[in-house]
Amino acid sequence: MSEPQRSSSGGSTPPGGDDDGRTCLRSLRQFVDQEKVHLRCAARGPEELRYVIYRCAFTKVIARATTYRRLLSTIKAEYDEVIVELKRREAGAEAARRNLAASTISDLQKDTSELQEELKRQKSCEEQRTWIPGLTVAESGDAEALDEHLRHLEAQSAALLDRKSRCVSLEVKGELDAELQAAGRRRDELSAENHRLKVLHKRLRLVCERLEDEGRQVPLEELLSSTLENIRRISVTDDDSRSIDAELFGDEEPTGVDGSELVADHLDRFNELFESAQYEDAALVAARSPGGALLVTVPSGVELSADLSLHCVPFALRSGASQLVAHAVTQNKLTFSEPLGDVLTQHAQENPGVADLCLALATLVYQACGQSRKSALIMCRRGLVHSAAEFMSHCTDLTAEDFIWVVCRSPGGLPLLRLLTEPRCGGRAAILSVGGACSALLVDPQRRELALRLLDDFVGRGRGVLEDVILQDSDSSVDVWIHVASLCSELQRADLSRAVLSVLLDQGGTRVLTPDLEGARLMEHVFM
1 MSEPQRSSSG
11 GSTPPGGDDD
21 GRTCLRSLRQ
31 FVDQEKVHLR
41 CAARGPEELR
51 YVIYRCAFTK
61 VIARATTYRR
71 LLSTIKAEYD
81 EVIVELKRRE
91 AGAEAARRNL
101 AASTISDLQK
111 DTSELQEELK
121 RQKSCEEQRT
131 WIPGLTVAES
141 GDAEALDEHL
151 RHLEAQSAAL
161 LDRKSRCVSL
171 EVKGELDAEL
181 QAAGRRRDEL
191 SAENHRLKVL
201 HKRLRLVCER
211 LEDEGRQVPL
221 EELLSSTLEN
231 IRRISVTDDD
241 SRSIDAELFG
251 DEEPTGVDGS
261 ELVADHLDRF
271 NELFESAQYE
281 DAALVAARSP
291 GGALLVTVPS
301 GVELSADLSL
311 HCVPFALRSG
321 ASQLVAHAVT
331 QNKLTFSEPL
341 GDVLTQHAQE
351 NPGVADLCLA
361 LATLVYQACG
371 QSRKSALIMC
381 RRGLVHSAAE
391 FMSHCTDLTA
401 EDFIWVVCRS
411 PGGLPLLRLL
421 TEPRCGGRAA
431 ILSVGGACSA
441 LLVDPQRREL
451 ALRLLDDFVG
461 RGRGVLEDVI
471 LQDSDSSVDV
481 WIHVASLCSE
491 LQRADLSRAV
501 LSVLLDQGGT
511 RVLTPDLEGA
521 RLMEHVFM
């Protein structure tokens with residue numbers, strides 16, 4: 001500050017102001033130095049704490065000034081603005097540096113990824129340059145030849161996998177061979193024991209026959225000597241062996257064992273021996289099959305027996321050969337029977353994947369053996385409700401009880417019931433009497449809901465619909481409909497009971513309710 005300024009400002013400060021000013025400046029310098037040391041500010045460069053220290057010192061100077069306080073305040077404000085602007089620029093520069101660094105890193109990563117992909121492609125190309133075994137140089141570049149070679153390799157792979165599935169390890173094969181040898185030795189022992197018992201049986205039978213022969217009067221000594229001599233010369237031939245087997249074991253059946261499983265085991269063993277060219281052993285296995293199932297030969301065009309059909313079909317179905325069963329059924333190679341249809345139906349329930357095929361085959365079997373109601377039920381289970389109703393309309397052997405049986409067991413009970421109770425084309429009566437059906441269903445706790453829903457359907461379509469249904473039902477008398485109304489009332493369905501009774505009461509005595517002669521017996525008298 002110049003001398004004139006000091007003199008002019010001296011008027012606003014007390015005497016001795018120069019000394020006070022110097023003292024104040026020294027104290028400010030000491031304050032600044034102490035704060036720098038205490039806060040450990042850097043000696044050079046921008047520092048936030050240094051800005052704070054000088055701002056505080058500037059504030060103290062302004063507080064002691066009198067004449068230039070406004071000017072100093074303005075200078076301080078500009079100083080603060082400069083500091084803020086410097087900070088903003090520094091923050092912007094730092095953000096720009098960070099963005100640039102991030103962008104640079106991203107570009108480097110992208111370039112690195114592209115270089116790695118290029119290296120992989122180059123390596124793959126180097127690997128593909130090797131010749132493919134089994135192809136010439138020209139074929140290695142031909143797409144069709146490569147596709148053909150690929151199909152050939154896939155076929156070889158499938159064949160190897162199939163062969164692997166049929167093989168076992170050497171350890172398992174050794175164990176199986178040991179078990180087979182033990183079983184063979186056991187078989188030989190049992191065969192020898194069986195032969196001894198057969199000889200004993202024949203000798204005892206001979207003795208019994210000689211003792212029971214009352215027509216011959218021979219001395220006892222001569223009888224015993226001749227009998228013992230014959231016994232010593234006895235031997236059992238093959239024909240005798242077969243006759244003894246037939247006599248002793250002809251009517252014996254396995255108990256506690258599933259015959260189809262025994263047949264399946266023998267068939268698997270027979271196939272294994274036959275494929276390994278052990279034909280004699282395979283023939284022995286076939287000869288020992290339960291019931292001689294593997295010895296049965298059927299000429300072309302001749303059906304298998306019913307028992308053999310029941311043995312073969314479950315085994316084929318469990319083995320997944322449903323198409324083989326379908327071929328046998330459609331080509332009439334089996335003897336159709338109701339148990340055979342039941343087997344197909346049961347398999348359809350247990351295996352949804354082949355349910356439709358098995359149910360279709362069961363329908364053919366039931367129709368062939370005259371089981372019309374089971375055929376209709378199978379159609380309903382397949383969702384062919386209209387076809388089932390049409391089929392039942394042409395079956396003369398079905399009774400009303402059969403219709404109710406099908407309706408009660410059908411998954412589409414209500415739609416089928418509606419189709420059966422609707423009048424047919426040409427003015428013909430419905431297949432099933434509405435009154436009889438409702439009367440039979442309402443007494444069944446599990447099926448009464450079907451009858452109630454049917455009556456609700458008639459009532460919901462208008463009172464005239466229910467009246468037409470009752471009047472056209474020529475197979476139900478008034479007593480049947482009164483019984484239906486009574487059952488509805490017992491089931492807390494007074495609305496249906498009133499609707500039925502209202503139709504009956506409106507007829508007013510005796511009249512012909514339908515054009516045909518049978519309709520005349522629907523209502524004779526209505527008793528209140």
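Everything in the sequence shown is counted per the UniProt record's numbering, starting at 1 for the first residue and increasing by one. Built from N, CA and C at the ideal position, the CB exists for glycine as well. Fair warning: this is a prediction, and the values are worked out from it, not measured in the lab.
Cβ neighbour criterion (16 or more within 10 Å) applied to residue i
i	result
ASP251	For ASP251, the predicted structure reports a pLDDT of 39, less than 50, and the residue's modelled location is therefore unreliable. The matter cannot be settled from this model.
THR363	buried
GLN323	exposed
LYS374	buried
SER433	buried
ARG381	buried
VAL343	buried
GLN446	exposed
GLY341	buried
HIS311	buried
GLU253	The pLDDT assigned to GLU253 is 42, lower than 50, so where the model puts this residue is not dependable; a value taken from the coordinates is nonetheless given after this. The residue is exposed, with fewer than 16 neighbouring Cβ atoms inside 10 Å.
VAL385	buried
LEU466	buried
GLY215	Residue placement at GLY215 is flagged as unreliable, the pLDDT there being 49, under the threshold of 50; the coordinate-derived value follows with that caveat. GLY215 is exposed by the Cβ-count criterion.
SER106	exposed
ALA388	buried
residue 555	Here the chain comprises residues numbered 1 to 528, so residue 555 is not present and cannot be evaluated.
SER191	exposed
residue 559	The structure shown does not extend to residue 559, since the chain is modelled only from 1 through 528, so no value can be given for it.
SER410	buried
VAL168	exposed
residue 538	Since the first residue of the chain shown is 1 and the last is 528, residue 538 is not available in this structure.
VAL37	exposed
ASP239	Annotation note: pLDDT 48 at ASP239 (below 50); position unreliable, no value reported.
SER474	buried
Whether residue i touches residue j by CB criterion (9 Å)
i	j	result
GLY435	TRP481	yes
ALA264	ARG318	yes
VAL406	LEU455	no
ALA400	ALA437	yes
VAL365	GLU390	no
LEU504	VAL469	no
LYS76	ARG55	yes
PHE315	LEU267	yes
LEU262	SER305	no
ILE53	LEU39	yes
SER372	CYS395	yes
VAL302	LEU361	no
ALA345	ILE378	For the record, residue 345 in the displayed sequence is Thr; it is not Ala. Their beta carbons are under 9 Å apart, which means THR345 touches ILE378 by this criterion.
SER497	SER486	yes
ASP397	GLY370	yes
Close beta carbons around residue i, own chain, < 7 Å, minus the five adjacent residues each side
i	result
ALA328	LEU334
GLY462	none
ALA57	LEU28, PHE31 and VAL32
ALA138	none
VAL484	GLY435, CYS438, SER439, LEU442 and VAL500
GLU154	none
Chain-order list of residues whose beta-carbon lies under 8 Å from that of residue i (same chain, five-residue window excluded)
i	result
ALA143	none
ALA494	CYS488
THR59	LYS76
LEU135	ALA145, LEU146 and HIS149
residue 535	Outside the displayed span of the chain (1 to 528) sits residue 535, for which this structure offers no information.
LEU491	LEU442, ARG448 and LEU452
Cβ-based neighbour list, residue i, same chain, cut-off 6 Å, excluding 5 preceding and 5 following
i	result
ALA348	ALA355, CYS358 and LEU359
LEU72	ILE62 and ALA65
GLU35	ILE53
PHE458	VAL465, LEU466 and VAL469
TYR79	none
- Message: Does the structure place the stretch 330 to 341 close enough to the stretch 270 to 289 that three or more beta carbon pairs sit under 8 Å?
- Response: No, they do not touch.
- Three CB pairs or more closer than 8 Å across the stretch 442 to 451 and the stretch 406 to 417: The stretch 406 to 417 and the stretch 442 to 451 touch, with three or more beta-carbon pairs separated by less than 8 Å.
- Within the stretch 325 to 375, ranges of the alpha helix (DSSP H) (whole runs, at least 4 residues): With a minimum length of 4 residues, the continuous alpha helix (DSSP H) runs that stay inside the stretch 325 to 375 are 338 to 350 and 355 to 368.
- Message: With a threshold of 8 Å, are at least 3 pairs of Cβ atoms found where one atom belongs to the stretch 83 to 98 and the other to the stretch 116 to 126?
- Response: The stretch 83 to 98 and the stretch 116 to 126 do not touch, with fewer than 3 CB-CB distances between them shorter than 8 Å.
- Item | Contact between the stretch 142 to 160 and the stretch 175 to 195 (3+ Cβ pairs under 8 Å) | When C-beta atoms of the stretch 142 to 160 are compared with those of the stretch 175 to 195, fewer than three pairs fall below 8 Å, so the two segments do not count as touching.
- Message: At 4 residues or longer, what runs of the alpha helix (DSSP H) sit wholly inside the stretch 24 to 59?
- Response: Whole alpha helix (DSSP H) segments, 4+ residues: zero.
- Query: At what residue ranges does the stretch 60 to 140 contain a whole run of the alpha helix (DSSP H), taking only runs of 4 or more?
  - Reply: Runs found: 69 to 128 and 137 to 140.
- Message: List, from N- to C-terminal side, the alpha helix (DSSP H) runs of 4 residues or more that fit wholly inside the stretch 468 to 513.
- Response: Here the runs fully enclosed are 478 to 490 and 494 to 505.
- Enumerate, from N- to C-terminal direction, the unbroken alpha helix (DSSP H) stretches of 4 or more residues contained entirely within the stretch 388 to 475. Complete alpha helix (DSSP H) runs here, min 4: 400 to 409, 413 to 421, 434 to 442, 448 to 460 and 463 to 472.
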